[in-house]
Amino acid sequence: MDTVLALLFLASSTICVIGLLKPSLAGKATRGQVFKFYGLGAIAFLFLFAVFMEPVEPSPDTATAQAEQQPEVKAPIEQAPAVTKPVAHKYQVVAEENTSMPGRERLRWRIVAPSALTQLDRAETAKAAAKDLQEKTGADFTHIFLEAAEFTAGFGNVLAIVTYAPDGCGVTGKDCTGKKWEVSASATQLSDTQMAVWKAWIENREKFMPDGYVDEDRLKEFLAKKFDTTPDKITLPWVERDDIAQ
Numbered sequence: 025m026d027t028v029l030a031l032l033f034l035a036s037s038t039i040c041v042i043g044l045l046k047p048s049l050a051g052k053a054t055r056g057q058v059f060k061f062y063g064l065g066a067i068a069f070l071f072l073f074a075v076f077m078e079p080v081e082p083s084p085d086t087a088t089a090q091a092e093q094q095p096e097v098k099a100p101i102e103q104a105p106a107v108t109k110p111v112a113h114k115y116q117v118v119a120e121e122n123t124s125m126p127g128r129e130r131l132r133w134r135i136v137a138p139s140a141l142t143q144l145d146r147a148e149t150a151k152a153a154a155k156d157l158q159e160k161t162g163a164d165f166t167h168i169f170l171e172a173a174e175f176t177a178g179f180g181n182v183l184a185i186v187t188y189a190p191d192g193c194g195v196t197g198k199d200c201t202g203k204k205w206e207v208s209a210s211a212t213q214l215s216d217t218q219m220a221v222w223k224a225w226i227e228n229r230e231k232f233m234p235d236g237y238v239d240e241d242r243l244k245e246f247l248a249k250k251f252d253t254t255p256d257k258i259t260l261p262w263v264e265r266d267d268i269a270q
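Under the numbering used here, think of the first position of the sequence shown as 25, with each following residue one higher.
Now the structure itself:
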């Protein structure tokens, strides 16, 4: 298509130029007729040629050179998530026990730290308590229980447990492996409802111990009425701990 249009444009242009010099050679009486017929025709063919002309594709060598000149776009570097350093929170001692044996002073403390909510913060808080209390007492072996609340002390399901033996000789003083710390902690988050049920269970359990053992069915029925629910919904929370490498 573009070849035909180019030839028509050249022919019209040539005849137009000749006709402008001598109109009779172009078959017209005047130069105005020559321009009107052949000149405008040449312009029309030029316009059509420009419209229908196929784009020129670059040669393989040219395309390669152009590609090489393109700036390299590098993928954004992903930032690694910031690692939050564990924090030792303020704690309160709620109970102390002496479990010493001849030649080995062993002390146990139960603490609470309401603001320690993450697993690693709970571990760090219990470790700080062990270090503090050992330095104050000079105990050979320090045992720390981080309780969920003061009323849960001694009823299990603790949030963190830490043992600390500065001499690395364990609870007996004879197993000297050099290991000073043993740490476990929980990431469990206890709701207000769970804590309320747990507290009510502890406060009322003795009412349902006719033979020294808790009659759980009757206790659950009692608490279900208190919390306006069904007995099967009355359960104690389960706190699972993981060992924390030291």
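Glycine included, every Cβ here is placed at the ideal spot set by N, Cα and C. Since we're looking at a predicted model, the values are computed, not measured.
Proximity to Arg128 across Thr166, Lys151, Trp262 peaks at Thr166, based on C-alpha coordinates. Taking C-beta separations shorter than 6 angstroms and ignoring five residues to either side along the sequence, the partners of Val263 in its chain run Asn181, Ser210, Thr212, following chain order.
In its chain, beyond the 5 residues on either side, Arg134, Ile135, Val136, Glu171, Glu174, Ala177 have a beta carbon closer than 7 angstroms to the beta carbon of Val118. Remark: three or more beta-carbon pairs, one from each stretch, lie closer than 8 angstroms, so the stretch 240-255 and the stretch 218-229 are flagged as touching. If you compare the alpha carbons of Val238, His113, Gln218 with that of Lys151, the shortest gap goes to His113.
Between the stretch 230-243 and the stretch 142-159 there are fewer than three C-beta pairs closer than 8 angstroms, too few to call the two in contact. CA-to-CA, the gap between Trp205 and Thr254 works out to about 44 angstroms.
DSSP places Gln116 outside any alpha helix (DSSP H); the residue lies instead in the beta strand (DSSP E), whose first and last residues are 116-122.
Per DSSP, reduced to three states, the secondary structure at Ile258 is coil, with no helix or strand assignment. Thr187: not part of any alpha helix (DSSP H); member of the beta strand (DSSP E) spanning 184-188, first to last residue. Rounded to whole angstroms, the gap between the alpha carbons of Gln158 and Pro190 is 9 angstroms. In the DSSP secondary-structure assignment, Ile268 is not bridged to any residue. Across the structure, Glu120 and Lys160 are spaced so that their CA atoms are roughly 14 angstroms apart. If you ignore the 5 residues before and after Val111, its C-beta comes within less than 7 angstroms of the C-beta of Asp145, Glu148, all in its own chain and listed in chain order. Considered as a whole, the stretch 184-259 harbours 184-188, 205-210 as its complete beta strand (DSSP E) runs of no fewer than 3 residues, in chain order.
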